[in-house]
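Working notes for the structure below.
Chains as they are written, first to last, in our numbering: chain Z, 154 to 293; chain X, 154 to 293.
If you want it as structure tokens, here you go:
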């Protein structure tokens with residue numbers, strides 16, 4: 154044992170301070186990431202889905218602010234650092250397969266970069282109503 | 154124009170009846186899938202995350218039952234076909250990037266194969282409290 158914080162290296166080669174016990178259980182996609190669902194803790198709104206690697210999860214657990222890995226920019230991304238629309242972390246859970254993260258947050262302002270409260274507000278698809286017993290799906 | 158339902162072939166080569174306008178907008182991962190969040194429509198509980206290809210989304214929109222692509226089994230999977238724990242579809246939305254689906258459902262029984270109501274009930278991670286202004290994350 155030393156007093157130096159341990160770091161480990163997940164599959165993508167980025168060093169991480171994530172608890173090794175959690176890191177050992179986490180099931181990542183081929184690019185070393187897991188999907189992370191952000192949910193408003195009191196209203197239950199699903200705000201957005203981002204991606205986390207080990208270090209992003211570690212920062213989310215230890216800094217109080219939801220942190221993602223930006224696939225497009227290839228860097229860590231503290232939600233709100235640019236916009237001020239921080240996500241203050243209330244709780245974090247893994248799912249039963251340890252391949253998805255659910256973060257309950259208190260969202261400041263809009264979660265979506267469009268200015269909408271959530272990223273799912275604008276693009277509602279049409280569901281065929283009353284079709285449950287009528288439609289035969291294509292063969293597999 | 155013909156009276157035959159059109160099908161298209163998404164990147165993974167599986168034929169799909171998905172509306173071509175939606176298919177043209179959908180941004181899939183390299184394996185042709187998008188993450189799909191299932192949320193209980195009235196309580197707001199996040200139940201689980203599954204994966205959909207074009208045809209799974211098409212079936213979800215047109216059959217009234219939430220349908221996923223099983224990555225482990227390599228086949229379509231109507232949630233509840235084995236367990237009876239169907240997800241009756243209430244609404245479907247794409248996010249602002251068209252790379253994630255949110256399905257609001259009425260979940261019959263347990264969403265999780267463990268018997269838990271949701272897949273996020275059992276594995277709560279410890280969040281470091283009061284750390285928001287104190288912790289310096291690792292350098293990028």
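Cβ atoms here follow ideal geometry from the backbone N, Cα and C, with glycine treated the same way.
From a predicted model like this one, the values you see are computed outputs, not experimental measurements.
When DSSP states are grouped into helix, strand and coil, residue 188/X belongs to the strand group. For residue 192/Z, the neighbours in chain X by C-beta distance under 7 Å run, in chain order, 199.
At a cut-off of 8 Å between C-beta atoms, residue 176/Z does not count as an interface residue with respect to chain X. Closer than 8 Å to the CB of residue 248/X there is at least one CB belonging to chain Z. Within the model, the alpha-carbon separation for residue 281/Z versus residue 246/Z is close to 34 Å. Boundaries of the alpha helix (DSSP H) harbouring residue 174/X: 173-178, taken from the DSSP string. With 16 or more other Cβ atoms inside 10 Å of its own Cβ, residue 208/X counts as buried.
With a cut-off of 8 Å on Cβ pairs, the stretch 229-249 of chain X is not in contact with the stretch 247-264 of chain Z, counting fewer than three such pairs. For residue 266/Z, no alpha helix (DSSP H) encloses it, and the DSSP letter there is neither H nor E. Using a Cβ distance threshold of 8 Å, residue 199/Z and residue 260/X do not count as a contacting pair. Per DSSP, reduced to three states, the secondary structure at residue 246/X is strand.
Annotation: residue 265/Z to residue 262/X spans about 32 Å, alpha carbon to alpha carbon. Contact annotation: residue 249/X and residue 220/Z have beta-carbon atoms that are not nearer than 8 Å.
Neighbours of residue 253/Z in chain X, taken as residues at a C-beta separation under 7 Å, are given in chain order as 202. From the beta-carbon of residue 266/X, the residues of chain Z found nearer than 8 Å are 249.
The residues 221, 223, in chain order, have a CB closer than 6 Å to that of residue 230/Z in the same chain once the five nearest residues on each side in sequence are set aside. Ranked by how close their Cα comes to the Cα of residue 185/Z, the residues 195/Z, 227/Z, 218/Z have 227/Z in first place. Within the DSSP secondary-structure output, residue 218/Z pairs in a beta bridge with 241/Z. Residue 178/X counts as exposed, since fewer than 16 other beta carbons sit within 10 angstroms of its beta carbon.
Per the DSSP secondary-structure output, residue 257/X pairs in a beta bridge with 192/X, 244/X. By the neighbour-count criterion, in which a residue is buried when 16 or more other Cβ atoms sit within 10 angstroms of its Cβ, residue 175/X is buried.
In this model, residue 217/X and residue 283/Z are separated by some 8 Å (Cα to Cα). Sequence-distant partners of residue 210/Z (beyond 5 residues in either direction) whose C-beta falls short of 7 Å from its own C-beta, in its chain, are 171, 254.
Residue environment: residue 203/Z is assigned as buried (16 or more neighbouring CB atoms within 10 Å of its CB, all protein chains considered). Contact with chain Z is found for residue 214/X, since one of that chain's Cβ atoms lies less than 8 Å from the residue's Cβ. The beta carbon of residue 281/X sits closer than 8 Å to some beta carbon of chain Z. Per DSSP, reduced to three states, the secondary structure at residue 282/Z is coil, with no helix or strand assignment.
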